[in-house]
Amino acid sequence: MKQEANDRADKSAISRRELLKMGAVGGLGLFLGAGVMKGFDIVDNNKPAASMLTNANGIIPFYGRHQAGIVTPMQDFVCMGAFDLTVTDIAEVRKLFQDWTAASARLAKGEGVGEESNNALVPPVDTGETIGLQPMSTTITFGVGPSFFDDRFGLASKRPSKLVDIPAFKRDELVEEWSHGDIIVQVCANDQQVAFHALRNLARIARGKAVLRWLQQGFQRAGAADPKGATPRNLLGFKDGTNNPNVADEETAKQIVWAQAEDGAPWMDQGSYMVVRRIRMRIEVWDRTALGEQEATFGRYRDSGAPLGATGEFDPADYTKLDKNGKPVIPADSHMAIASMGGKVKIHRRGYSYSNGIDLKTGQLDAGLLFICFNRDPLQQFIPMQTKLAELDRLNEYIEHVGSGIYACLPGVKEGGYIGDTLL
Amino acid sequence: MLNPRISLTAPILGMALLVSACGNNASAPANQTTDAPATATAGQQAEQPQAANTTDSEQFQDAVKAYHQFVIAQTDQFVKDTQAFVDAIKANDMEKAKALYAPSRMYFERIEPIAESLGDFDPWIDAREGDVPANEWKGFHRLEKALWQDKSLDGMAPVADQLLQDVKMLRVKVEGVEIDAPMLVTGAVELLNEVSSSKVTGEEERYSHTDLYDFAANVEGAYEIFKVLQPTVEAKNKELAAEIDKRFKELDATLQPYRKDSGYVLYTDLKEDEVKKLSQAIDALAEPLSQIGTVVEG
Ligand code: HEM
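Chains as they are written, first to last, in the numbering used here: chain A, 6 to 429; chain B, 33 to 330.
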């Protein structure tokens, strides 16, 4: 199943690169971006709207070489929960992971978490709010944080050297309650209720074994709102994801995303390290910022998403180009200039916008980016990148990092196995 | 302060119940001999045909009988303690009344689902301000407000008399209450839901802040139900029985730091994360406890 998806992904990756080479970028540009973001079939069969619809409602298999929800196309919604374990016996953790696996495999197929007994004197097995609904491309992705390897379960020696504690960065305003967690569960789906349902039922299964530490829902524009599947925009109004590496290409994904046995923790082979940053946007401040400054902040045009000085969204950024005053057209402190890291360091971003009403103290909107990224080695990828961004990024004036977590996303599970079975 | 032993050393009660029961020496409830309702499950069978096997069993009937005795014993003690509380109110002895308030209520909190099944006792005895029209408000919480908020017992003598009368009436009614299977299996979870929705939030005792007494009493009441059903649950699902038993112990341990002088600290003394821990311990127990209805499956 997974292999098939990869094969198809390869095809789309090749088409994309070749089309770019052929210069067929203009009209197809948007379209290709969608190929990466939204569905592998799109480029192949040239029927974006139709194929996206089937894709959107469909099933992404839970079992596979890799966990789904990492390089699979982004869905419209995320519901992410961090759990803390309340048990200290590793056998109970194993049982929880087994129960979660069985439930997740069903949820991915759009089924309830278990068979109903119809005994009127016990609560229903599933909470019911998705009865009659489509699977909606639900993916459920599990990871474990550094605290999973403390002295409670005797797993300290298994902690991967890549699962480092994230260092404090300049300007961090982290809130403990929005950070860390023994376990992370990322549910993505093309329906918010379907996503919430999955997390809720997993939390219910965990009762007595693990408690929710934090929960954040996120969204992007719905697939149906943009049948062409253009690059989605974040809440600052800019296209976000344009220059994400093409992880549909297996080799690219191997380099950037997938942990390998030889990286030091064999049990993490084909897993990935996820970094989550809850980044609040100073929305009101941004809204009164002039267009020129907004564009200089990212180094891209707002409308087209093209790098400053270029015309197409997927045009390469020319950091050497100078304006008539001799200054770089793309400011050296722009988000893109810094984050591109000279083209040497890459991460796979898969974040969602969030909006939690208002800050009751100030009356300001409480909204931002639930930044989610995957990388093979945070020490070489995310951490140096964020160190530089925290220091220099012009965007810092408009954002504030308020939550943080790093998690070892477990390898994919074979049918009959359970998540984490290489570790527990 | 009163001697809290009055309530807490009653045969089956208080922390003693939880702690000792875990050590497996909580024996049968008070030596009360009462006529158990003869046909407790009659109505039940019609709706739940599969239930016949288990609920007809002698074991299950024994459970119902044992629980009924518990309810009666609790209500007996409830009458006695309410009498003392009411006497203090009428004697205008504020300090004594305050000391007696929370412990006397615990008897009611342990058997709340039964009291609720018997008509309007809950609103009469346990309504909070705003639960009922202002001119109908009476019972414990009216007196709580007088003691802690108004700091005056003016005009409270009739309220006290009425309370005692209602409590005595409850005692009469529990004698013949018909306890059936659904009442038992859902009653345990209902008690914990009471904790989740009002005790752990500090909403139950808004003037006295003695919420943890009610918290503990609700849990003890749920434990009593589980205890009488335990053999039946064990026979059907050993794992479930073991899990519930374990969670009761864990909850008991979570509550332990807040026990003080045979009573409990005030809700307002709890820190935010302590409230969260208590609340999560309730959820951890209530989830498996909600599955005990499986014992009445065929
Ligand atoms: C609220 C916070 C953030 C916002 C609004 C934001 C927005 C953007 C936008 C609009 C782009 C340009 C389009 C694109 O290539 O996707 C971009 C690029 C990028 N961002 Fe962010 N970003 C944020 C935080 C971060 C963080 C915390 C990191 C990593 C530590 C990061 C890493 C990157 C990278 C690697 C690129 C691509 C740069 C390139 O090679 O062209 N971003 N971001």
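Cβ atoms here follow ideal geometry from the backbone N, Cα and C, with glycine treated the same way.
Please read these numbers as outputs of a predicted model, since none were measured by experiment.
According to DSSP, A:ASN380 sits in a beta bridge with which residue or residues? Translated into positions along the first sequence, residue 380 of chain A becomes position 375. BP columns for A:ASN380 point to A:TYR278.
Who are the neighbours of B:ARG279 on chain A, taking C-beta pairs under 8 Å? To locate residue 279 of chain B, count along the second sequence from 1; it is residue 247. The answer, in chain order, is GLY213.
I'd like to know if A:VAL169 contacts chain B, where contact means its C-beta is closer than 7 Å to some C-beta of that chain. On the first sequence, position 164 is the one that residue 169 of chain A refers to. So no, A:VAL169 is outside the interface.
Near ligand 1: A:GLN391 beta-carbon under 6 Å from a heavy atom: Taking the first residue of the first sequence as 1, we reach residue 391 of chain A at position 386. Yes, Cβ of A:GLN391 sits closer than 6 Å to a heavy atom of ligand 1.
Alpha helix (DSSP H) runs wholly inside the segment 331-361 of chain A, at least 4 long, in chain order: 340-344
Report the three-state DSSP secondary structure of A:TYR306 (helix, strand or coil). Here residue 306 of chain A corresponds to residue number 301 of the first sequence, with the count starting at 1. If DSSP states are grouped into helix, strand and coil, A:TYR306 belongs with coil.
Chain-ordered chain A contacts of B:SER322 [CB-CB under 9 Å]: The residue you call residue 322 of chain B lines up with position 290 of the second sequence. Those within 9 Å of B:SER322 in chain A are VAL127 and PRO128.
Less than 7 Å between C-beta atoms, sequence neighbours within five positions excluded: which residues of the same chain meet that for A:ARG99? On the first sequence, residue 99 of chain A is found 94 positions in, with the first residue counted as 1. Answer for A:ARG99: LEU429, listed in chain order.
Looking at A:PHE379 and A:MET279, is the spacing between their C-beta atoms short of 7 Å? Working through the first sequence from its first residue, we reach residue 279 of chain A at position 274. Working through the first sequence from its first residue, we reach residue 379 of chain A at position 374. Cβ distance < 7 Å, so A:MET279 and A:PHE379 count as in contact.
By the criterion of Cβ-Cβ separation under 7 Å, what are the contact partners of B:GLU337 in chain A? Outside the shown range of chain B (33 to 330) lies residue 337 of chain B, about which nothing can therefore be said.
Along chain B, in chain order, which residues have C-beta atoms closer than 8 Å to that of A:ARG209? The residue labelled residue 209 of chain A in the question sits at position 204 within the first sequence. Per Cβ cutoff of 8 Å: GLU319.
At a Cβ cut of 8 Å, what residues of the segment 213-247 of chain B count as close to chain A, listed as they run along the chain? ALA213, PRO214, VAL217 and THR218
Find the residues of chain A that neighbour B:THR326, judging by a C-beta separation of less than 7 Å, and give them in chain order. As a first step, residue 326 of chain B is located in the second sequence; it is residue number 294 there, counting from the start. Simply ASN124 and VAL127.
From B:THR91 to B:PRO263, what does the alpha carbon distance come to, in whole angstroms? What you label residue 91 of chain B is simply residue 59 of the second sequence in a count that begins at 1. What you label residue 263 of chain B is simply residue 231 of the second sequence in a count that begins at 1. Inspection of the sequence shows that residue 91 of chain B is occupied by Gln rather than by Thr. The alpha-carbon atoms of B:GLN91 and B:PRO263 are separated by roughly 8 Å.
Counting only beta-carbon atoms, is A:VAL216 nearer than 7 Å to chain B? Locating residue 216 of chain A in the first sequence gives position 211, where the first residue counts as 1. Yes, A:VAL216 lies at the interface with chain B (some Cβ there is under 7 Å from its Cβ).
I'd like to know whether the C-beta atoms of B:ASN124 and B:LEU175 end up nearer to each other than 7 Å. On the second sequence, position 92 is the one that residue 124 of chain B refers to. On the second sequence, position 143 is the one that residue 175 of chain B refers to. No, they are not a contact pair.
CB-CB under 8 Å to A:LEU327, same chain, minus the five flanking residues each way: which ones, in chain order? Translated into positions along the first sequence, residue 327 of chain A becomes position 322. Closer than 8 Å at the Cβ level, and outside the excluded window around A:LEU327, lie PRO333 and VAL334.
Any chance the CB of A:PHE88 is under 6 Å from a heavy atom of ligand 1? As a first step, residue 88 of chain A must be located in the first sequence, where it is residue number 83. A:PHE88 Cβ: outside cutoff for every heavy atom of ligand 1.
Secondary structure at B:ILE314, three-state DSSP: helix, strand or coil? Reading the second sequence from its first residue, position 282 is the one you call residue 314 of chain B. It is helical.
Out of B:VAL327, B:ILE157, B:LEU283 and B:THR300, state which residue places its alpha-carbon closest to the alpha-carbon of B:LEU272. Here the question's residue 272 of chain B lines up with position 240 in the second sequence. Residue B:VAL327 is the option with its Cα nearest to B:LEU272.
Is the shortest distance between the beta-carbon of B:GLN312 and the beta-carbons of chain A less than 7 Å? Against the second sequence, residue 312 of chain B aligns to sequence position 280. By this cut-off, B:GLN312 is an interface position.
With 16 as the cutoff for other CB atoms within 10 Å, does A:PRO336 come out buried or exposed? For this step, residue 336 of chain A is matched to residue 331 along the first sequence. It is buried - the Cβ of A:PRO336 has at least 16 other Cβ atoms within 10 Å.
For B:LEU50, would you say it is in contact with chain A, using Cβ-to-Cβ distances shorter than 7 Å as the test? Within the second sequence, numbered from 1, the residue matching residue 50 of chain B stands at position 18. For B:LEU50, the predicted structure reports a pLDDT of 40, less than 50, and the residue's modelled location is therefore unreliable. A value from the coordinates is still provided. No, B:LEU50 lies away from the interface with chain A (no Cβ there is under 7 Å from its Cβ).
Based on the DSSP secondary-structure assignment, which residues constitute the bridge partners of B:ALA120? Numbered from 1 along the second sequence, position 88 holds the residue referred to as residue 120 of chain B. None; B:ALA120 has no bridge partner.
Euclidean distance between Cα positions of A:LEU240 and A:SER358: Along the first sequence, one-based indexing puts residue 240 of chain A at 235. Along the first sequence, one-based indexing puts residue 358 of chain A at 353. Cα-Cα distance, rounded: 7 Å.
Can you list the residues of chain B that A:THR91 reaches, using a CB-CB cut of under 8 Å? Counting from 1 along the first sequence, the entry for residue 91 of chain A is found at position 86. In chain order: GLN312 and ALA316.
Length of the line joining the Cα atoms of B:TYR239 and B:ASP119: Along the second sequence, one-based indexing puts residue 239 of chain B at 207. Along the second sequence, one-based indexing puts residue 119 of chain B at 87. Taking the straight line from one Cα to the other gives about 21 Å.
Hey, quick one: how far does the alpha helix (DSSP H) through B:MET215 stretch, first residue to last? What you label residue 215 of chain B is simply residue 183 of the second sequence in a count that begins at 1. From DSSP, the alpha helix (DSSP H) with B:MET215 extends over 213-226.
Quick check on this structure: which residue in B:THR218, B:LEU244, B:HIS241 and B:VAL232 has the alpha carbon closest to the alpha carbon of B:SER149? Looking up residue 149 of chain B in the second sequence gives position 117. The candidate whose alpha carbon is nearest that of B:SER149 is B:THR218.
Distance, A:ASP371 Cα to A:PHE303 Cα: Indexing the first sequence from 1 puts residue 303 of chain A at position 298. Indexing the first sequence from 1 puts residue 371 of chain A at position 366. Between A:PHE303 and A:ASP371, the C-alpha separation is close to 22 Å.
Cβ atoms of A:PHE387 and A:ILE352: under 7 Å apart, would you say? Along the first sequence, one-based indexing puts residue 352 of chain A at 347. Along the first sequence, one-based indexing puts residue 387 of chain A at 382. In contact: A:ILE352 and A:PHE387 (Cβ atoms closer than 7 Å).
Cα-Cα separation, A:LEU112 to A:LEU204: Within the first sequence, numbered from 1, the residue matching residue 112 of chain A stands at position 107. Within the first sequence, numbered from 1, the residue matching residue 204 of chain A stands at position 199. Approximately 10 Å between the Cα atoms of the pair.
Would you call A:LEU365 buried or exposed, if buried means 16 or more other Cβ atoms sit within 10 Å of its Cβ? Indexing the first sequence from 1 puts residue 365 of chain A at position 360. Looking at its Cβ environment, which holds fewer than 16 other Cβ atoms inside 10 Å, A:LEU365 is exposed.
I'd like to know whether the C-beta atoms of A:ILE377 and A:GLY410 end up nearer to each other than 7 Å. Residue 377 of chain A sits at position 372 when you count from the first residue of the first sequence. Residue 410 of chain A sits at position 405 when you count from the first residue of the first sequence. No.
Within its chain, find whatever has a CB closer than 6 Å to the CB of A:ASP382; leave out the 5 residues flanking it on each side and keep chain order. Here the question's residue 382 of chain A lines up with position 377 in the first sequence. The residues are LYS167.
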